[in-house]
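Novice: Next up is a structure, given as structure tokens.
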Amino acid sequence: MIRPLAEALRLQREAAELEFDWRHLDELWDKLAEEVGELQQAAGESQDRREDELGDLLFMAVNLARHLGVDAERALARANAKFERRFGHVCKHLAQLPPPGDPRRLDEMERYWQEAKQAERAKR
11 MIRPLAEALR LQREAAELEF DWRHLDELWD KLAEEVGELQ QAAGESQDRR EDELGDLLFM
71 AVNLARHLGV DAERALARAN AKFERRFGHV CKHLAQLPPP GDPRRLDEME RYWQEAKQAE
131 RAKR
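In structure tokens form, the structure reads like this:
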């Protein structure tokens with residue numbers, strides 16, 4: 011069984027070979043925004059509708075990645091690793107956070123998240 015991101019890429023490449031493809035990158039950005047809007051509209055609807063719209067958005071993201079020359083699977087793996095690093099930094103500071111249920115807790119977690127993000131950028 012082919013992984014869904016890889017299958018999306020295969021389908022898009024197959025369509026592109028027959029010239030069923032986006033001509034300009036601007037068109038892809040517009041379509042991506044359209045798909046985000048459709049998902050927002052579907053947020054209060056059925057599970058099937060939300061799944062369909064999220065699937066369309068993911069499919070479009072893979073298509074955009076293809077046009078940008080980015081490996082979508084690798085990009086997602088890198089995003090996962092980045093989240094783990096940053097969230098790990100947040101978790102190291104759990105003892106300093108307000109207790110669960112305190113409305114300040116999320117703001118403090120975000121502060122540690124941004125701290126980790128800035129530290130990563132400083133290393134580049």
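If you read the sequence shown in this note's numbering, its first letter stands for residue 11, the second for the next number, and so on. Note that beta-carbon positions come from the ideal geometry of N, C-alpha and C, so glycine has one too.
1. Measure the alpha-carbon distance for residue 100 versus residue 81 and round it to whole angstroms.
2. Could you tell me the boundaries of the alpha helix (DSSP H) in which residue 47 lies?
3. In whole angstroms, what is the alpha-carbon distance linking residue 124 and residue 29?
4. Between which two residues does the alpha helix (DSSP H) carrying residue 100 extend?
5. How is the alpha helix (DSSP H) around residue 59 delimited, first residue to last?
6. How about residue 77 and residue 19: do their beta carbons lie closer than 8 Å?
7. Where does the unbroken alpha helix (DSSP H) through residue 131 begin, and where does it stop?
8. Does residue 28 come out as helix, strand or coil in the three-state DSSP assignment?
9. Alpha carbon to alpha carbon, how far is residue 98 from residue 14?
Specialist: Reading from the atomic positions:
1. Roughly 29 Å separates the two Cα atoms.
2. Membership of residue 47 in the alpha helix (DSSP H) is indicated by the continuous run 35-52.
3. If you draw a straight line from the Cα of residue 124 to the Cα of residue 29, it comes to about 43 Å.
4. Residue 100 -> alpha helix (DSSP H) spans 82-102.
5. Annotation for residue 59: the continuous alpha helix (DSSP H) segment containing it runs 57-78.
6. Annotated as distal: residue 77 and residue 19, with beta-carbon spacing of 8 Å or more.
7. That run of the alpha helix (DSSP H) goes 114-133.
8. In the structure shown, residue 28 sits in coil (DSSP, three-state: anything other than H, G, I, E or B).
9. CA-to-CA, the gap between residue 98 and residue 14 works out to about 28 Å.
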